[in-house]
Amino acid sequence: MSSRSQKRTPERDASLHELEAKLWYSFKDLALLDTALTHSSYANEQGPGHKYNERLEFLGDSVLGFITADKFFHAFRDIPEGRLTKLRASTVCEEALFDFARQIDLGSYLLLGKGEEKNGGRERASIVSDAFEAVIAAIYLDGGIEEARTFVLRFVMEAVEEKKISFQDYKTQLQEIIQKNPEEDLTYVLSGESGPDHDKRFEVEVHLNSNVIGKGVGRTKKQAEQEAAREALALMGYKQETKG
312 MSSRSQKRTP ERDASLHELE AKLWYSFKDL ALLDTALTHS SYANEQGPGH
362 KYNERLEFLG DSVLGFITAD KFFHAFRDIP EGRLTKLRAS TVCEEALFDF
412 ARQIDLGSYL LLGKGEEKNG GRERASIVSD AFEAVIAAIY LDGGIEEART
462 FVLRFVMEAV EEKKISFQDY KTQLQEIIQK NPEEDLTYVL SGESGPDHDK
512 RFEVEVHLNS NVIGKGVGRT KKQAEQEAAR EALALMGYKQ ETKG
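Number 555 marks the last residue of the sequence shown (the numbering used here); no jumps.
What follows is the structure, given as structure tokens:
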């Protein structure tokens, strides 16, 4: 990224200030937030030297990983390393970050090239989740690790508490049970979805051969699949560990 400054319109500044209210953070250097929301496709259209968010995304990924690992290490003292690793992985994956970003409607604040705009880039998980990581980095650079920590944990701990993110991997547990009978076929079927783009609800059925053995609802398809597998395990009489 070039270090030269980039001019913003009053309308863009107003939009960024609107987003600051959703972030619960006020930037000393608003240009950092603007860069975090600038996709490379937009920068390429503006010409050489225009800043975009890929370097911030790189930094934000590491800041996110550290904050979550540190929090889980101290908050869940009796949880073994393997389960902590699974929890952190489910927290920093693209789908989880996309869900966090949709809670603040982050996609609507992105600067996208005409092609990405036309192709629905504002609702593309890869683009929006990358921007969320870039915003983490922008907050970290502007306000330090504690401000970044406050921002990240606002989303992560709510997700853990609401079981959107779980220690349990019910799908794997169910698959291991079904695999004992090689002739059985286990599949997950999206049976419905509802709600606006920023607050979707997905309904999933888990099928054993042609029979529905569990149903689940979640804010992401993966969460709904986990819930369907959890219900199937319960109906099959398998006890599940309590969380945490």
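All residues carry an ideal CB built from backbone N, CA and C; glycine is no exception.
Note that the coordinates shown come from a computational prediction; the quantities given were computed from them, not determined experimentally.
Worksheet item: When burial is assigned at 16 or more other CB atoms within 10 Å of the CB, is residue 443 buried or exposed?
Response: The residue is buried, with at least 16 neighbouring Cβ atoms inside 10 Å.
Worksheet item: Cβ atoms of residue 452 and residue 540: under 7 Å apart, would you say?
Response: no
Worksheet item: What's the call for residue 546, buried or exposed, on a 16-neighbour Cβ count within 10 Å?
Response: exposed
Worksheet entry | Buried versus exposed, by CB contacts within 10 Å (16 or more), residue 587 | Since the first residue shown for the chain is 312 and the last is 555, residue 587 is missing from the structure and cannot be characterised.
Worksheet item: Taking all protein chains shown into account, do 16 or more other C-beta atoms lie within 10 angstroms of the C-beta of residue 318, making it buried, or fewer, making it exposed?
Response: exposed
Discussion item. For residue 471, count the other beta carbons within 10 Å of its own beta carbon; 16 or more makes it buried, fewer makes it exposed. Which is it?
Written reply: buried
Practice prompt. Per DSSP, which residues does residue 422 bridge with? Please list them.
Written response: 349
Item to complete: Indicate the three-state DSSP secondary structure (helix, strand or coil) for residue 526 in the structure shown.
Response: strand
Discussion item. If I measure Cβ to Cβ from residue 504 and keep anything under 8 Å in the same chain, skipping five residues before and after, which residues do I get?
Written reply: 511, 512, 513, 514
Discussion item. Measuring CB atoms only, is the segment 324-332 touching the segment 424-438, in the sense that at least three cross pairs come out at less than 8 Å?
Written reply: no
Fill in: Unbroken stretches of the alpha helix (DSSP H), 4 residues or longer, contained in the segment 349-389
351-357, 365-386
Discussion item. Which complete alpha helix (DSSP H) runs does the segment 425-465 hold, if anything under 4 residues is left out?
Written reply: 425-429, 436-454
Worksheet item: Does the distance from the CB of residue 370 to the CB of residue 448 come in under 7 Å?
Response: yes
Item to complete: Please state whether DSSP places residue 552 in a helix, a strand or coil.
Response: Note on residue 552: pLDDT 47, under 50, position unreliable in the model; the coordinate value appears next. The answer is coil: DSSP assigns residue 552 none of H, G, I, E or B.
Item to complete: Tell whether a beta-carbon distance below 7 Å holds between residue 367 and residue 445.
Response: yes
Item to complete: State the Cα-Cα distance for the pair residue 354 and residue 391, rounded to the nearest angstrom.
Response: 44 Å
Worksheet item: Cα-Cα, which of 535, 480, 463 is closest to residue 373?
Response: 463
Practice prompt. Counting only the same chain and skipping the five closest in sequence on each side, list residues whose C-beta sits under 7 Å from that of residue 535.
Written response: 513, 514, 515, 527, 528, 529
Worksheet item: Looking at C-alpha atoms only, which residue of 480, 506, 320, 519 is the closest neighbour of residue 495?
Response: 519
Fill in: Sequence ranges, alpha helix (DSSP H) only - wholly within the segment 478-523, length at least 4
481-489
Worksheet entry | Contacting residues, own chain, Cβ-Cβ under 8 Å from residue 412 (five flanking each side not counted) | 418, 439, 440, 442, 443
Item to complete: Using a threshold of 7 Å, state whether the C-beta atoms of residue 395 and residue 409 are closer than that.
Response: no
Worksheet entry | Helix, strand or coil at residue 473 [DSSP, three-state] | coil
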